[in-house]
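> The structure that follows is given in the form of structure tokens.
There are 2 protein chains.
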Amino acid sequence: MMSRPYNFSAGPAMIPMAVLEQAQAELLDWRGTGMSVMEMSHRGKEFTQIAEEADADLRELLAIPTNYRVMFLQGGASSQFSMIPLNLLCGKTQADYFNTGIWSQKAIAEAKRYCSVNIVTDSTANKFTTIADPTTWLLNPDAAYVHYAANETINGLEMHTPPDVGNVPLITDMSSTILSRPIDVSRFAAIYAGAQKNIGPAGLTVVIVREDLLGQALPFTPTMFNYKVMADENSMYNTPPTYTWYLAGLVFKWLKEQGGLVAMGKQNQHKSQLLYQAIDGSDFYNNAIDHRYRSWMNIPFTLADEALEKPFLAAAKQAGLLALAGHRTVGGLRASIYNAMPEAGVCALISFMQAFEKSHG
Amino acid sequence: MMSRPYNFSAGPAMIPMAVLEQAQAELLDWRGTGMSVMEMSHRGKEFTQIAEEADADLRELLAIPTNYRVMFLQGGASSQFSMIPLNLLCGKTQADYFNTGIWSQKAIAEAKRYCSVNIVTDSTANKFTTIADPTTWLLNPDAAYVHYAANETINGLEMHTPPDVGNVPLITDMSSTILSRPIDVSRFAAIYAGAQKNIGPAGLTVVIVREDLLGQALPFTPTMFNYKVMADENSMYNTPPTYTWYLAGLVFKWLKEQGGLVAMGKQNQHKSQLLYQAIDGSDFYNNAIDHRYRSWMNIPFTLADEALEKPFLAAAKQAGLLALAGHRTVGGLRASIYNAMPEAGVCALISFMQAFEKSHG
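Residue numbers (the UniProt record's numbering), protein chains in the order written: chain W, 1 to 361; chain D, 1 to 361.
Below you can see the structure in the form of structure tokens.
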């Protein structure tokens, strides 16, 4: 394995080196077929095998119950912001949304175009550093569903367990946290995730929906946005993003080799703890998020002296630590440490941070 | 260059070998960045450069006038079947559609969900072997636009020049023919194409729209289906399919190296003529399409003895000639010979056909 920098991008993000190497080795000729996977008919037996294995491996990793349909779609979470209300209002006109950050807000803005949105709790006042106590939540029993973003990538605010919303169907955007630990899929009506953090390259969206909710799309729903159509056609109503699907399948196999999601969860918790400890142990660095809601995936931090941000980023890049700038809307710094970021990368960052503090603190 | 079979798949289809080799060489590390392109932030300077170069090269290849917007989207032509009426009815309620094959029909079915569809001409009665004389066309002057599929991949029926529809905006599905020859973009209000034939891997859709038509989407249009939003954000309203966009960019550079679309057009016409001559010169093989509308890209043919199809396909595969089965809805055989299929591949197919006829005729 070649030596390469650590890439802390929030997404598209690092891909496991073993996956990249396999993709490279197979790029011109997949298993003696004389074709690259990207040249294969999506209906041929070779790609059918690739697609079915990816589906089965994902089901195994997440222990997805048989009454859930899994779809490999296009358009990212932003398309799901429309597809959720278009498909899952199920005859109702109201939906509940948590507002815990910018992705929540984007989902809310799109949902308002199709239904009446009730905000369960709003973290705007606390600058998205915490989530108010569940006793204060305003849950609407007539809501078609409750939606929340499991992890807000920009502020690094994560709900580590699904909120208790009674019998109302629970829907979650898990774009930045899916596959980072085991989850109980049966708690959810629907789970969706853009691929470009923990699944693979951008251009693929995984959607997991309880099948009894399908078939009630609003009448003007574009056919390509209709879950029932896509599920009934096994995500091959039209040509799917075949190469990205294949790469996701390689990531799923890599995750199984790592010990599955129990092992990943332990590792992700540990990696994030190391970094939070380094931040908390210093007055030079700061992370303001309520400890109960600190993200395992995206760890924003600030420098006591904001003027040192640019020198920090430049020196980090020199040290082979890439993409540590915070999101352009909030500034500061941010380390995104998804599944593919090894513990060694986190340790390298911590060492760098300590050395930088020593020389600039 | 390694020796490999010729892949006649209708799409996803062959990618130029030089492109695959460059992608393989750069897969782990793009130009010394230490990142694969699929690991790069879509807003970073590296990917911004890749995206802008692809855009500029496509504009140069197709000589796209400055008053046209180019978008790199997801969802395939099937998403465009919705996006065209959702975005381009421009306050009108009627649209004209040619029915020249199955892709026309899919576009028509989706358009009917959003507007009243008038059929300009219908090739059903002639089994999609020709297009009726323009004097018989029923053009509606109140139509918001006229839509046609430039090339029908299943029957191999192609309109080699844009139909004359007067002043009504002309829209075309060029999924299977874009970049195969020069076109006069100014003849069109909009051109769209799924990538997986002549552009690159599946999962990317190129849309070219005259900018004065933007901004009149139907009110319930999902934001991700709104051309104006996507155009204003330079196709980065959300994370685009970055790796597929990069590969498309490599294909554009390859096309420029081949001499651009004038050279490709000559080569494609020549390749198809060779194959049609071989078919027409034999009673063993048959292609029933009106010579004026024979596709340069997809050449279906039948055997006089249908029972020989399976042996033909098996022997062809043995000879390194892959994916020659006709579409499952029509049967028979089909050779798709897009830009990436070298003339040597067509000649190898013709030699095989002649030898097969000799041994089975």
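We put the CB at the ideal spot given by N, CA and C, even for glycine.
I want to check one thing, is the minimum distance from the CB of Ala355 of chain D to the heavy atoms of the ligand MN below 8 angstroms?
With respect to the ligand MN, the structure shown offers nothing to examine, as it has no ligands at all.
> Tell me the DSSP secondary structure of Ile199 of chain W in three-state form.
Taking the first residue of the first sequence as position 1, residue 199 of chain W is located at position 199. Looking at Ile199 of chain W - three-state DSSP - the assignment turns out to be coil, as it is neither helix nor strand.
> Would you please verify whether the beta carbon of Pro342 of chain W is less than 9 angstroms from any beta carbon of chain D?
Taking the first sequence and counting its residues from 1, one reaches residue 342 of chain W at position 342. By this cut-off, Pro342 of chain W is not an interface position.
> Leaving out five residues before and five after Met2 of chain W in sequence, what residues of the same chain have Cβ atoms less than 7 angstroms from its Cβ?
Translated into positions along the first sequence, residue 2 of chain W becomes position 2. Because Met2 of chain W carries a pLDDT of 43, less than 50, the predicted location of this residue cannot be relied on, and the following value inherits that uncertainty. Correct list: empty, nothing qualifies.
> Which residue's Cα is closest to the Cα of Gly260 of chain D: D:Asn298, D:Arg31, D:Arg43 and D:Leu61?
Translated into the one-based positions of the second sequence, residue 260 of chain D becomes position 260. When only C-alpha atoms are compared, the closest one is D:Leu61.
> With the cut-off set at 9 angstroms, would you say Ala95 of chain W and Val117 of chain W are in Cβ contact?
As a first step, residue 95 of chain W is located in the first sequence; it is residue number 95 there, counting from the start. As a first step, residue 117 of chain W is located in the first sequence; it is residue number 117 there, counting from the start. In contact: Ala95 of chain W and Val117 of chain W (Cβ atoms closer than 9 angstroms).
> Does Ala10 of chain D pass the burial test, meaning 16 or more other C-beta atoms within 10 Å, or should it be called exposed?
One-based indexing of the second sequence puts residue 10 of chain D at position 10. Classification of Ala10 of chain D: buried, given that the 10 Å Cβ count is 16 or more.
> Classify Ile131 of chain D as helix, strand or coil using the three-state DSSP reduction.
Looking up residue 131 of chain D in the second sequence gives position 131. Three-state result, Ile131 of chain D: coil.
> From Leu27 of chain D to Ser176 of chain W, what distance separates their C-alpha atoms?
By one-based count along the second sequence, residue 27 of chain D stands at place 27. By one-based count along the first sequence, residue 176 of chain W stands at place 176. When rounded, the distance between both Cα atoms is 24 angstroms.
> Could you check where the alpha helix (DSSP H) with Asn268 of chain D kicks off and where it finishes?
What you label residue 268 of chain D is simply residue 268 of the second sequence in a count that begins at 1. Gly260 to Asp280 is the span of the alpha helix (DSSP H), which, as asked, contains Asn268 of chain D.
> With respect to the beta strand (DSSP E) encompassing Ile191 of chain W, which residues constitute its N-terminal and C-terminal limits?
In the first sequence, residue 191 of chain W corresponds to position 191, counting from 1. Element bounds for Ile191 of chain W: Ala190 to Gly194.
> Bridge partners of Arg69 of chain W, per DSSP?
For the purposes of this step, residue 69 of chain W is identified with residue 69 of the first sequence, where counting begins at 1. BP columns for Arg69 of chain W point to W:Val209.
> For Leu333 of chain W and Leu324 of chain W, which I take to be in contact (beta-carbon distance under 8 angstroms), what is that distance rounded to the nearest angstrom?
On the first sequence, residue 333 of chain W is found 333 positions in, with the first residue counted as 1. On the first sequence, residue 324 of chain W is found 324 positions in, with the first residue counted as 1. Right, the Cβ-Cβ distance comes to about 5 angstroms (below 8 angstroms), so this counts as a contact.
> Should Ala107 of chain D be labelled buried (16 or more other beta-carbon atoms within 10 Å of its own) or exposed?
Counting from 1 along the second sequence, the entry for residue 107 of chain D is found at position 107. Result: buried.
> Using beta carbons (cut-off 9 angstroms, strictly below), is Met2 of chain W in contact with chain D?
Within the first sequence, the letter at position 2 stands for residue 2 of chain W. Summary for Met2 of chain W: the model assigns pLDDT 43, below 50, so the residue's position carries little reliability, and this model does not support an answer.
> Answer with yes or no whether the minimum CB distance from Met297 of chain D to chain W is below 9 angstroms.
Sequence index remark: in the second sequence, residue 297 of chain D carries index 297 (1-based). No, Met297 of chain D does not count as interfacial toward chain W.
> Whose CA, out of D:Leu88, D:Thr136, D:His147 and D:Ala132, lies closest to the CA of Tyr97 of chain D?
Locating residue 97 of chain D in the second sequence gives position 97, where the first residue counts as 1. It is D:His147.
> List the residues of chain D that Asn238 of chain W touches, going by C-beta distances under 7 angstroms, in chain order.
As a first step, residue 238 of chain W must be located in the first sequence, where it is residue number 238. Going along chain D in sequence order, the residues near Asn238 of chain W (Cβ under 7 angstroms) are Gly76 and Ser78.
> Evaluate the contact criterion for the stretch 293-305 of chain D versus the stretch 151-159 of chain D: three or more CB pairs, one atom per stretch, below 8 angstroms.
Counting Cβ pairs under 8 angstroms, three or more are found: they touch.
> Val209 of chain W and Asn87 of chain W: beta carbons closer than 9 angstroms?
In the first sequence, the residue the question calls residue 209 of chain W occupies position 209. In the first sequence, the residue the question calls residue 87 of chain W occupies position 87. Result yes, Cβ atoms of Val209 of chain W and Asn87 of chain W sit closer than 9 angstroms.
> Does DSSP put Met2 of chain W in a helix, in a strand, or in coil?
The count along the first sequence starts at 1 and reaches residue 2 of chain W at position 2. Reliability fails at Met2 of chain W, whose pLDDT of 43 lies under 50, so the model's placement of it is uncertain and the value that follows must be treated cautiously. If DSSP states are grouped into helix, strand and coil, Met2 of chain W belongs with coil.
> Considering only the beta carbon of each residue, do Thr223 of chain D and Phe225 of chain W sit closer than 9 angstroms?
For the purposes of this step, residue 223 of chain D is identified with residue 223 of the second sequence, where counting begins at 1. For the purposes of this step, residue 225 of chain W is identified with residue 225 of the first sequence, where counting begins at 1. The answer is no: Cβ separation not under 9 angstroms.
> Based on the DSSP secondary-structure assignment, which residues constitute the bridge partners of Gln94 of chain W?
As a first step, residue 94 of chain W is located in the first sequence; it is residue number 94 there, counting from the start. DSSP output for Gln94 of chain W lists W:Ser116 as bridge partner(s).
> Does the beta-carbon of Ser359 of chain W have 16 or more other beta-carbons within 10 angstroms, so that it is buried, or is it exposed?
Walking along the first sequence from the start, residue 359 of chain W turns up at place 359. Exposed, because fewer than 16 other Cβ atoms sit within 10 Å of the Cβ of Ser359 of chain W.
> Apply the 10 Å Cβ neighbour rule to Gln318 of chain D and answer buried if 16 or more other Cβ atoms are within range, or exposed otherwise.
Stepping through the second sequence from its first residue, residue 318 of chain D is reached at position 318. Gln318 of chain D should be labelled exposed.
> Taking buried to mean at least 16 other C-beta atoms within 10 Å of its own C-beta, is Pro5 of chain W buried or exposed?
Taking the first sequence and counting its residues from 1, one reaches residue 5 of chain W at position 5. The residue in question, Pro5 of chain W, is buried, as its Cβ has 16 or more Cβ neighbours within 10 Å.
> Given a cut-off of 9 angstroms on the beta-carbon distance, is the pair Ile337 of chain D and Asn268 of chain D in contact?
Here residue 337 of chain D refers to the residue found at position 337 when the second sequence is read from its first residue. Here residue 268 of chain D refers to the residue found at position 268 when the second sequence is read from its first residue. Yes, the Cβ-Cβ distance between Ile337 of chain D and Asn268 of chain D is below 9 angstroms.
> Any Cβ of chain W within less than 9 angstroms of the Cβ of Arg43 of chain D?
Within the second sequence, residue 43 of chain D is the residue found at index 43, counting from 1. For Arg43 of chain D, the answer is yes, since a Cβ of chain W falls inside 9 angstroms of its Cβ.
> Using the rule of at least 16 other Cβ atoms within 10 Å of the residue's Cβ for burial, across every protein chain shown, is Asp239 of chain D buried or exposed?
By one-based count along the second sequence, residue 239 of chain D stands at place 239. Residue identity check: residue 239 of chain D is Thr in the sequence provided, not Asp. So Thr239 of chain D ends up on the buried side.
> What are the partner residues of Ile299 of chain D, as DSSP defines its beta bridges?
Residue numbering aside, residue 299 of chain D sits at position 299 when the second sequence is read from its first letter. BP columns for Ile299 of chain D point to D:Ala335.
> If you measure between the beta carbons of residue 402 of chain W and Thr124 of chain W, is that distance less than 9 angstroms?
The question about residue 402 of chain W has no answer, for chain W in this structure spans 1 to 361.
> Checking contacts by CB at 9 angstroms: is Glu21 of chain D closer than that to chain W?
By 1-based counting over the second sequence, the position of residue 21 of chain D is 21. True, the Cβ-Cβ gap to chain W drops below 9 angstroms.
> Could you work out which residue in D:Tyr192, D:Thr242, D:Pro241 and D:Ile119 is closest to Tyr227 of chain D when comparing CA atoms only?
What you label residue 227 of chain D is simply residue 227 of the second sequence in a count that begins at 1. Closest option to Tyr227 of chain D, Cα to Cα, is D:Tyr192.
> If you draw a straight line from the C-alpha of Ser216 of chain D to the C-alpha of Ala63 of chain D, how long is it?
Taking the second sequence and counting its residues from 1, one reaches residue 216 of chain D at position 216. Taking the second sequence and counting its residues from 1, one reaches residue 63 of chain D at position 63. The sequence given here has Gln at residue 216 of chain D, not Ser. Near 26 angstroms, if we compare the C-alpha coordinates of Ala63 of chain D and Gln216 of chain D.
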